[in-house]
Amino acid sequence: MKRPFAPLLVALLCGWLCAATPFARAQLVASAAQIPAAAERAPVDERAMKAAYLYNFAVFTQWPKLSSTAFQFCVLGVSAVDEELRRLQGRPVQNGLPLVVRNVVPGDDLEPCQLLYVDESQRRQFAATLGRLNGYPVLTVTDAEGLAEQGAMIEVRRQGSRLAFDVNLPAARRVKLDFSARLLKLASYVATKP
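Mapping of the sequence shown onto the numbering used here: residues 598 to 791, in sequence order.
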């Protein structure tokens, strides 16, 4: 978010500081330091952050083979991040392929998906959906606690006031997906054994 009054404040402070006595300058600087920077920043919406994480997971993952027309983000059911993901639609992901967001339901063909997002509300559908992937190279991402232990490749979670994520490397390697070293360094935890 832009801080419209920040440049004006800086200009005013510079003018006052130049004309003020040393004591007045010290008081002005001390009082300005008490203005919290956070007051000028709006809190970032968690849904937007999750959508950004999903996008970056796709950017920093290597697939053995990609479609030649679009990069499909599939979302199981209806998710709280649907609207935010749709805002990313059309952006290039891998090899310049545009992002296409599609909601899927149990029973849909998942082969065209490169990424499948399963949120907490679809937890019960996860095991059956995972079984239907049939070894396709589909990056499975969830925010449902414990699903990385059940086969999801990336689990996003709250850690204090921020989002963090864990990586299930064996699950990804089984379907020949590779994560960049950069992505693995950012993970809070990387499981290396099944």
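By construction, the Cβ of each residue, glycine as well, lies at the ideal position given by its N, Cα and C atoms.
Closest residue to residue i among the options (Cα-Cα distance)
i, options, result
"C671", "V735, V690 and A645", "V735"
"L682", "V772, T726, Y714 and E708", "Y714"
"A784", "A745, R771, V772 and G693", "A745"
"S718", "L712, R684 and V678", "V678"
"M646", "S758, K782, G732 and L774", "S758"
"D705", "G728, V690, P695 and A788", "G728"
Residue-level contact to chain B via CB, residue i, 8 angstroms cutoff
i, result
"G693", "The structure shown contains no chain B; it is built from a single protein chain."
Buried/exposed call for residue i, threshold 16 Cβ in 10 Å
i, result
"V702", "exposed"
"E680", "exposed"
"G743", "exposed"
"P633", "The predicted position of P633 is uncertain, since its pLDDT is 38 and thus under 50; no value can be drawn from it."
"G732", "exposed"
Residue i in three-state terms, based on DSSP
i, result
"Y714", "strand"
"P709", "coil"
"Y786", "strand"
"T666", "coil"
"Q747", "coil"
"N653", "helix"
Sequence-distant residues of its chain with Cβ nearer than 7 angstroms to residue i (five each side left out)
i, result
"Y650", "V753, L760 and F762"
"Q631", "Residue confidence is low: Q631 scores 37 on pLDDT, short of 50, so the model does not pin down where it sits. Its coordinate-derived value is still stated next. Excluding residues within five positions, none has a Cβ falling inside 7 angstroms."
Residues near residue i in its chain [Cβ-Cβ closer than 8 angstroms; skip 5 each side]
i, result
"Q722", "L673, G674, P703 and V715"
Bridge-paired residues (DSSP) for residue i
i, result
"A680", "The question names Ala, but residue 680 in the sequence shown is Glu. Partner(s): none; E680 has no beta bridge."
"E752", "T739 and D763"
"P695", "P689"
"Q659", "D775"
Proximal residues to residue i (C-beta, below 6 angstroms), its chain only, five neighbours per side dropped
i, result
"A768", "G748 and M750"
"N700", "V672"
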